[in-house]
Amino acid sequence: MHNATRKMTGIEQIMSTHHARPIFRIQATVTTLRELSPGYFLLILHAPELAHAAQPGQFAQLRVVGQDVLDPLLARPISIHHVDTAAGDVSFIFKVVGRGTALLAAAKPGEELIVLGPVGNGFHIPDTATSLALIGGGVGMPPLYYLAETLRRTRPALGISLFYGGRTSADLLLLPEWDALGVSVYPATDDGSLGYHGLVTAVLTPQLVTIDFLAACGPRPMLQAVQGLGLAAKIPGQLSLEARMACGVGACLGCMCGTVSGGRRVCIDGPVFALDEVVFDV
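Here's what the structure looks like:
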């Protein structure tokens with residue numbers, strides 16, 4: 000059972016000047032931290048403010064309490080994977096790629112993390128869509144799961160398929176949970192250890208005739224390929240971009256990306272953009 004009097008030191012609400020949505024800075028308690036696959040971790044935080052405000056596709060900036068401010072300097076942006084509003088819990092999945100994520104992976108239940116979130120624009124699937132393709136690569140899967148889980152509650156008749164790519168089978172996480180959602184899963188691995196041997200976009204291509212909306216999150220080359228397929232087939236969609244971030248709230252302009260209307264901030268204008276809005280070759 001969670002402690003209803005959880006410590007709230009340092010809480011502040013920051014209003015985004017672009018969207019006027021609340022962004023909270025809190026200290027949230029770690030309830031669960033476990034390794035899902037080598038280098039991949041599931042982190043669950045008790046953070047009621049975040050749980051009640053979050054939307055699929057948004058993320059939070061996470062930082063260990065007491066961490067040396069210069070080592071590493073910045074908090075780590077992690078996409079939201081699951082929300083339990085009744086319990087006030089928020090789940091994240093991340094991969095250890097440097098010192099910041101290694102510190103997160105070393106956290107223990109009962110410890111606190113500094114959390115800034117929820118940040119950014121999430122996914123918005125049009126009401127006219129009847130068949131949705133989710134395309135994920137690596138740690139691009141978690142926000143897609145949150146999206147699928149939400150849509151299963153709000154639009155149970157929507158057809159949802161997941162096209163999920165990784166280097167090996169160890170990079171494809173929580174497949175039974177996708178099955179439990181009733182989502183058709185099309186895996187692809189670079190080494191052929193699970194599903195199609197090759198790029199996930201090769202699995203997506205022949206299925207486009209059954210799809211009327213695309214939602215993708217993952218590495219830039221995958222997103223660029225998905226954009227090309229969507230534009231060629233005249234299928235609308237949304238892309239969730241990855242970027243190095245400093246402040247995470249749009250002030251530093253350190254996560255700019257190219258769009259048809261000029262430079263935009265991935266953190267606060269995104270991370271989700273219309274498929275035909277993003278310009279990759281800039």
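Residue numbers for the sequence shown follow numbering that gives the first Met the number 0, so the first one is 0 and each next one is one higher. Glycine included, C-beta positions come from ideal geometry on N, C-alpha and C.
Cβ neighbour criterion (16 or more within 10 Å) applied to E241:
On the sequence shown, position 242 is the one that residue 241 refers to. Its Cβ being crowded by 16 or more others within 10 Å, E241 is buried.
Coarse secondary structure for V199, derived from DSSP in three states
For this step, residue 199 is matched to residue 200 along the sequence shown. DSSP places V199 in helix when its eight states are reduced to three.
Cutoff 7 Å; reference L274; Cβ partners in own chain excluding five residues on either side
Against the sequence shown, residue 274 aligns to sequence position 275. Excluding sequence positions up to five before and after L274, its CB lies within less than 7 Å of the CB of L213, Q226, G229, P235, G236, Q237 and L238, all in the same chain and listed in chain order.
Measure from the alpha carbon of P117 to the alpha carbon of each residue in A53, P155 and G99, then state which is nearest.
The residue you call residue 117 lines up with position 118 of the sequence shown. Selected option, being the one with the closest Cα: A53.
Beta-carbon proximity list for E110, same chain, < 6 Å, skipping 5 on both sides:
Start at 1 with the first residue of the sequence shown, and residue 110 comes out as number 111. Same-chain partners within the cutoff: V29.
Determine the extent of the alpha helix (DSSP H) in which R98 is found, giving its start and end residues.
Working through the sequence shown from its first residue, we reach residue 98 at position 99. Per DSSP, R98 belongs to the alpha helix (DSSP H) from R98 to A104.
Of all the options L150, L146 and L193, which has the alpha carbon lying nearest to the alpha carbon of I79?
Here residue 79 refers to the residue found at position 80 when the sequence shown is read from its first residue. Minimum Cα distance to I79 is reached at L146.
With a Cβ-Cβ cutoff of 7 Å, do P55 and T149 count as a contact?
Looking up residue 55 in the sequence shown gives position 56. Looking up residue 149 in the sequence shown gives position 150. A contact, by the Cβ cut-off of 7 Å.
Tell me Q60's beta-bridge partners as DSSP assigns them.
What you label residue 60 is simply residue 61 of the sequence shown in a count that begins at 1. According to DSSP, which records beta bridges pairwise, Q60 is partnered with P76 and L115.
Any 3 or more C-beta pairs closer than 8 Å across the stretch 206-225 and the stretch 156-171:
The stretch 206-225 is in contact with the stretch 156-171.
Which of the three DSSP states is assigned to Q223 in this structure?
Along the sequence shown, read from residue 1 onward, the residue named residue 223 stands at position 224. It is helical.
A50 versus S130: straight-line alpha-carbon distance, rounded
As a working note, residue 50 is residue 51 in the sequence shown. As a working note, residue 130 is residue 131 in the sequence shown. Straight-line Cα distance between these residues: approximately 28 Å.
Would you mind reading off the limits of the beta strand (DSSP E) that contains L174?
Locating residue 174 in the sequence shown gives position 175, where the first residue counts as 1. For L174, there is no enclosing beta strand (DSSP E); the enclosing alpha helix (DSSP H) covers residues L174 to A179.
Thinking C-alpha only, which one of F122, L61 and L44 is nearest D88?
The sequence position of residue 88 within the sequence shown is 89, counting from 1. Of the candidates F122, L61 and L44, the one whose C-alpha sits nearest the C-alpha of D88 is L44.
From which residue to which residue does the alpha helix (DSSP H) around E34 run?
Your numbering for residue 34 matches position 35 in the sequence shown. E34 -> not in any alpha helix (DSSP H); beta strand (DSSP E) instead, spanning P21 to S36.
Helix, strand or coil at G253 according to DSSP, with G and I counted as helix
Your numbering for residue 253 matches position 254 in the sequence shown. In this structure, G253 counts as coil in the three-state DSSP scheme.
Please identify the residue among R20, V277 and V96 whose C-alpha is closest to the C-alpha of N120.
Here the question's residue 120 lines up with position 121 in the sequence shown. Residue R20 is the option with its Cα nearest to N120.
Just to confirm, is the Cβ distance from S36 to A169 under 7 Å?
Taking the first residue of the sequence shown as position 1, residue 36 is located at position 37. Taking the first residue of the sequence shown as position 1, residue 169 is located at position 170. Cβ distance < 7 Å, so S36 and A169 count as in contact.
With DSSP as the reference, identify every bridge partner of Y185, one or two as the case may be.
For the purposes of this step, residue 185 is taken as residue 186 along the sequence shown, with counting starting at 1. Residue pairing for Y185: DSSP places it in a beta bridge opposite F162.
Output the distance between the C-alpha atoms of R263 and C254, rounded to the nearest integer angstrom.
Against the sequence shown, residue 263 aligns to sequence position 264. Against the sequence shown, residue 254 aligns to sequence position 255. Rounded to the nearest angstrom, the two C-alpha atoms are 8 Å apart.
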